[in-house]
């Protein structure tokens, strides 16, 4: 195991608190730095969600295996003793740069400083740091305590060893670090997500479909496929006996069909925001956000267990984690 | 139940054969029309896959509940007696129009004629038909015998009653018909899929990531989310206590960030096709297509069962289907 002995989460919102929960449940002492008066409450609510989800997974959650969770408003105090600092403040470049400078001023020389940014390149984030070699991107996916993916991206000045240590920390916490070898804005997953977001906004803006209909088009169809095989492997299979090359050449033709010209960026007017918010209320408003989180987590836990039984994809990652925490006596997989 | 008494599948490839398998397992007599000498073999191989998958779902598959499956090279013979004709020939407009004209010449006046097209608008497909009112799009998702989604789209000349009957047929066969109310090229799901495909091709073409890395970015992260909630509901939850409006306004800003300018359509050169085919071989080549199909189907069955236990999304559709086939004595859900 190569878990950090202590961790600091700078920024205690939805993402930061979920980072903290994942590592606390792995036995790591975590300090959250966040100036908000709600930070303590949010941290413990998210931890409670994580405990509920891990109970469904059959992973140990009792207090004897947990690390300590504390919350402070001082970045300096939180990071002073941390092996791994995870920055998850709002997605504004100047704010992130300011916070990262504050972190490096108090962090240990050998600390890994990781940013949860979903889009800024690490070379940009580290440009004004005194010790840019410690800075790496570790971009997670909500809910961080359940989804295994974390995109790990080094910048021009990042030490190769820091990239490796970040990956080891994440892997030891039960995650699937994906090394993004070429540094681009938005990395890999958010490039794909951004494309779907653009297209979804067009469909709503043009009055073609509601948010609920678009979501159904995802979760009753290709969303089920993508929980286990990605786009390219799915198409390989769909190509059947004729093979991948044939499939691409055939499907590729669609790139010159009329609808592929719809690549403009839609304007996010107040009217469109209103439409989406109203449709979303109609779709999901009968559940509170907390209820939706718990529905989501119960579904994700069930899907992860289903894939674990098949030893495939994210289920294999969970099986590896279970083996790691099981020790010599093993740990049963719940059915 | 409003299953068709008899069905014709015109085109017996991966899609057409899987349509046939779904309806045969629902007790419907199906005739496939396909001139290929491989059609008979493919139809029975796909049916065998479907039986394996339904066995995993705990749905009845024994021969006593199945309809008859036959294969002919004559469209006229296949469609003459069919309540529902499902056209699934290759995605070339002139071919589809020619085949649909052949179908309507022999189909019963009251037959539903549905096209599996993934992109052509029904108004275009029906333009030259003598009885365009019978033509509707019923766009399914591979594997058709497992994934519940079917996009149902009427054209300008389509009878409203035909749309309703097509939806009823699909629903009775255990599917989730999504009525696409506004007719656009590529409908809803393939608009989204096309956007991801474009972006994925850029990532490969630019050497940023391999097909395997892109697939991992999907299946260890947002793909898991999308098996149960779509994009908008996911973001609603991610927005947390601040709510959907706040989330959209914040995330929407990303639309004006640099990476959203990457909306050009990549050129599908021979070199890019070679790169993708080679990367796909490296990723999945250790499994045959048949093996990959069975891995995929076992995963999808397990995910559907997991969601059925939570009575959510595609799992609720499966629960409804189980209740429908169970009769008064019920049918146990496997664990």
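Residue numbers (our numbering), protein chains in the order written: chain A, 29 to 363; chain B, 29 to 363. Every residue, glycine too, gets a C-beta built ideally from N, C-alpha and C.
- Which of helix, strand or coil does DSSP assign to residue 119(B)? coil
- Compare the Cα-Cα distances from residue 119(B) to each of 54(B), 329(B) and 213(B) and report the closest residue. 213(B)
- How many Å lie between residue 233(A) and residue 208(B) at the Cα? 15 Å
- Query: At what residue ranges does the segment 48–99 of chain A contain a whole run of the beta strand (DSSP E), taking only runs of 3 or more?
  - Reply: 57–61
- Determine which residues of the segment 48–76 of chain A have a Cβ less than 9 Å from any Cβ of chain B, and write them out in chain order. 66 and 70
- Task: Please report the Cβ distance between residue 335(B) and residue 173(B), rounded to the nearest whole angstrom; I am assuming they are in contact, meaning their Cβ atoms lie under 8 Å.
- Result: Contact doesn't hold; Cβ gap of about 17 Å is too wide.
- Message: Helix, strand or coil for residue 257(B)? Go by DSSP, reduced to three states.
- Response: coil
- Compare the C-beta of residue 239(B) with all C-beta atoms of chain A and state if any pair is closer than 7 Å. Interface annotation, residue 239(B): in contact with chain A, CB-CB separation under 7 Å.
- Item | Supposed close pair residue 265(B), residue 224(A) - CB separation, criterion 8 Å | For a cut-off of 8 Å, the C-beta gap from residue 265(B) to residue 224(A) is around 17 Å, too long to register as a contact.
- residue 49(B) and residue 75(B): beta carbons closer than 7 Å? yes
- Any C-beta of chain A under 7 Å from that of residue 201(B): no
- Message: Going by DSSP, what residue range makes up the beta strand (DSSP E) through residue 36(B)?
- Response: 34–38
- CB-CB length for residue 311(A) against residue 243(A), believed under 8 Å: 7 Å
- Using DSSP bridges, identify the partner residues of residue 141(B). 113(B) and 163(B)
- Query: Beta-carbon separation of residue 166(B) and residue 178(B) under 7 Å?
  - Reply: With respect to residue 178(B), residue 166(B) sits close: the two C-beta atoms are nearer than 7 Å.
- Across which residues does DSSP place residue 205(A) in a beta bridge pair? 178(A)
- Nearest to residue 140(B) by CA position, among 147(B), 146(B) and 132(B), is which residue? 132(B)
- Task: Would you kindly work out how many angstroms separate the C-alpha atoms of residue 112(B) and residue 73(B), rounded to a whole number?
- Result: About 23 Å.
- Task: For the alpha helix (DSSP H) holding residue 104(B), just list the boundary residues, first then last.
- Result: 103–107
- Kindly indicate the opening and closing residues of the alpha helix (DSSP H) around residue 190(B). 188–200 is the span of the alpha helix (DSSP H), which, as asked, contains residue 190(B).
- Query: Looking at residue 191(A) and residue 164(A), is the spacing between their C-beta atoms short of 7 Å?
  - Reply: Judged by beta-carbon spacing, residue 191(A) lies within the 7 Å limit of residue 164(A), meaning their Cβ atoms are closer than that value.
- Task: Could you run through the segment 245–259 of chain B and flag, in chain order, every residue whose CB is less than 9 Å away from some CB of chain E?
- Result: Of the protein chains in the structure, A and B, none is chain E.
- Task: Report the partner residues of residue 168(A) according to the DSSP bridge assignment.
- Result: Under DSSP, residue 168(A) shares a beta bridge with 178(A).
- Query: Does the beta-carbon distance from residue 222(A) to residue 185(A) come in below 7 Å?
  - Reply: no
- Within the same chain, show all residues whose beta-carbon is closer than 6 Å to that of residue 175(A), passing over the 5 residues directly before and after it, in chain order. 169
- Inter-residue spacing [alpha-carbon to alpha-carbon] between residue 286(A) and residue 297(B): Caution is warranted here: a pLDDT of 45 is assigned to residue 286(A), below 50, making its placement in the model unreliable, and the coordinate value is therefore given only provisionally. Distance between the alpha carbons of residue 286(A) and residue 297(B) is about 19 Å.
- Item | Amino acids of chain B, ordered along the chain, whose beta-carbon sits closer than 8 Å to that of residue 195(A) | What residue 195(A) touches in chain B: nothing, since even the nearest Cβ is about 13 Å away.
- Once you ignore the five residues that flank residue 326(A) on each side, which residues in its own chain have a CB closer than 7 Å to its CB? Hits under 7 Å: 84.
- Compute the Euclidean distance between the alpha carbons of residue 330(A) and residue 338(B), then round it to the nearest angstrom. 8 Å
- Message: In chain order, what are the residue ranges of uninterrupted alpha helix (DSSP H) at least 4 long that sit wholly in the segment 322–360 of chain B?
- Response: 342–354, all fully within the segment 322–360 of chain B.
- Task: Please check if any C-beta of chain B sits within less than 7 Å of the C-beta of residue 341(A).
- Result: Yes, residue 341(A) lies at the interface with chain B (some Cβ there is under 7 Å from its Cβ).
- Contact between the segment 193–204 of chain A and the segment 100–108 of chain A (3+ Cβ pairs under 8 Å): Output reads no: the segment 100–108 of chain A does not touch the segment 193–204 of chain A.
- Inter-residue spacing [alpha-carbon to alpha-carbon] between residue 196(B) and residue 142(B): 13 Å
- Message: Whole angstroms are fine: how far does the CA of residue 116(A) sit from the CA of residue 67(A)?
- Response: 13 Å
- Tell me whether residue 289(A) sits in a helix, a strand or coil according to DSSP, three-state version. Low confidence applies here, because residue 289(A) scores a pLDDT of 43, under 50, leaving its location unreliable and the question unanswered by this model.
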